[in-house]
Amino acid sequence: MGRNLQNGARLRPVDLARGHGLSTQAIRNYEDAGILPAADRTLHGYRTYTPLHAQALRAFLALVPGHGHRTATSIMQAVNRGATEDALRLIDESHAQLLDDRRTLQAVEAALRDLAPVPQERGDTFVGPLARRLGIRPATLRKWERAGLVRPRRDPQTGYRIYSAADVRDARLAHQLRRGGYLLEQIAPLIAQVHSAGGVAPLESTLRDWHARLSARSRAMLTGAAALDAYLDCRPAPPGDEPGTRSP
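This note's numbering runs 2 ahead of the 1-based position in the sequence shown.
See the structure below:
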């Protein structure tokens with residue numbers, strides 16, 4: 003391991019809190035949750051921290067923007083109990099989720115690009131022809147209808163479902179998003195946004211914001227990784243891992 007800060011200058015909870023805009027209670031809560039290593043106690047029972055605790059706090063606060071509070075907490079808990087491999091696995095899972103989110107965004111963009119404006123003519127069709135056009139089963143279209151993705155009207159004489167040009171557009175969008183891995187409950191709000199925006203063009207700003215959020219999250223993960231690496235380098239070596247103690 004690297005530098006050992008465990009025996010550095012003693013810090014009070016307020017000393018840690020002030021430097022990060024936190025309350026002293028938050029520092030105590032972080033320790034109780036395992037985000038910070040256990041603190042030493044004075045004869046009177048007061049907590050005392052070291053620069054190692056300050057490094058742990060910096061690592062946690064840096065991890066939160068990229069991984070979220072829950073995962074960042076789990077990462078720090080794993081590190082502090084000596085389960086570094088578990089912590090690294092959690093980080094890998096966050097990166098995998100970020101990659102999945104990028105792929106989902108690409109699928110959404112591809113789906114929106116492929117959607118032509120709704121034509122002025124009626125363009126009505128029935129469930130069978132539309133299902134064949136999309137390469138899906140009619141039962142799938144009925145399932146999408148129950149989920150609110152498409153809302154065909156009914157022929158008053160026959161009761162058959164009639165899909166307008168706008169319904170066909172919605173079905174095509176749903177089909178491509180499903181192929182991109184979107185769940186039905188994720189697709190419905192997007193289609194509702196297409197309706198409220200009056201088309202797909204106004205969604206470009208939403209997609210730009212989505213890109214910006216993913217990029218910010220990616221950068222935050224880099225920042226968190228650097229802070230966690232610094233903390234790992236400062237932690238004392240686990241028992242049996244000190245120089246000269248390993249078995250040949």
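All C-beta atoms in this analysis are idealised placements derived from N, C-alpha and C, irrespective of residue type, glycine included.
Endpoints, beta strand (DSSP E) assigned at Y165: As a working note, residue 165 is residue 163 in the sequence shown. The continuous beta strand (DSSP E) containing Y165 extends over residues R163 to Y165.
Beta carbon of I138 nearer than 8 angstroms to that of Q79: Locating residue 138 in the sequence shown gives position 136, counting from the first residue. Locating residue 79 in the sequence shown gives position 77, counting from the first residue. No, these two residues do not count as a Cβ contact at 8 angstroms.
Residues that DSSP places opposite T50 in a beta bridge: Taking the sequence shown and counting its residues from 1, the one referred to as residue 50 is at position 48. T50 pairs with D42.
Closest residue to H177 among P131, R156, L151 and H22 (Cα-Cα distance): Sequence index remark: in the sequence shown, residue 177 carries index 175 (1-based). Per the Cα distances, L151.
Rounded straight-line distance, which links the Cα of R210 to that of P131: By one-based count along the sequence shown, residue 131 stands at place 129. By one-based count along the sequence shown, residue 210 stands at place 208. Roughly 35 angstroms separates the two Cα atoms.
Backbone CA spacing between S89 and A218 [nearest angstrom]: Within the sequence shown, numbered from 1, the residue matching residue 89 stands at position 87. Within the sequence shown, numbered from 1, the residue matching residue 218 stands at position 216. Per the sequence presented here, residue 89 reads as Ala, with Ser not at that position. Straight-line measurement puts the Cα of A218 at about 22 angstroms from the Cα of A89.
8 angstroms contact criterion, which D231 and S166 should meet: CB distance rounded: Position 229 of the sequence shown, counted from the first residue, corresponds to residue 231. Position 164 of the sequence shown, counted from the first residue, corresponds to residue 166. Between S166 and D231 the Cβ distance is about 56 angstroms, and since that is not below 8 angstroms, they are no contact.
DSSP state of T160 mapped onto helix, strand, coil: Sequence index remark: in the sequence shown, residue 160 carries index 158 (1-based). Coil at T160, not helix or strand.
Inter-residue Cα distance where the pair is T236 and Q108: Reading the sequence shown from its first residue, position 234 is the one you call residue 236. Reading the sequence shown from its first residue, position 106 is the one you call residue 108. At residue 236 the sequence reads Cys, which differs from the Thr that was named. Straight across, the Cα-Cα distance linking C236 with Q108 is about 40 angstroms.
Cβ-Cβ distance between A61 and Y51 below 8 angstroms: Within the sequence shown, the letter at position 59 stands for residue 61. Within the sequence shown, the letter at position 49 stands for residue 51. Annotated as distal: A61 and Y51, with beta-carbon spacing of 8 angstroms or more.
Nearest to G23 (by Cα), restricted to the options K145, L63 and R181: Indexing the sequence shown from 1 puts residue 23 at position 21. It is L63 whose Cα lies nearest to the Cα of G23.
Extent of the continuous alpha helix (DSSP H) to which I29 belongs: Counting from 1 along the sequence shown, the entry for residue 29 is found at position 27. Its alpha helix (DSSP H) spans residues T26 to D34.
Beta-carbon contacts of P154 that lie in its chain and below 6 angstroms, excluding the five residues immediately before and after: On the sequence shown, position 152 is the one that residue 154 refers to. So the qualifying residues of the chain are R163, I164, Y165 and D169.
Neighbourhood of L186 by C-beta, 6 angstroms cutoff - its chain only, sequence neighbours within 5 removed: As a first step, residue 186 must be located in the sequence shown, where it is residue number 184. Non-local C-beta neighbours of L186 in its own chain, meaning closer than 6 angstroms and more than five positions away in sequence, comprise A149, ordered along the chain.
Test item: CB-CB of M223 and G68 under 8 angstroms: The sequence position of residue 223 within the sequence shown is 221, counting from 1. The sequence position of residue 68 within the sequence shown is 66, counting from 1. M223 places its beta carbon less than 8 angstroms from that of G68.
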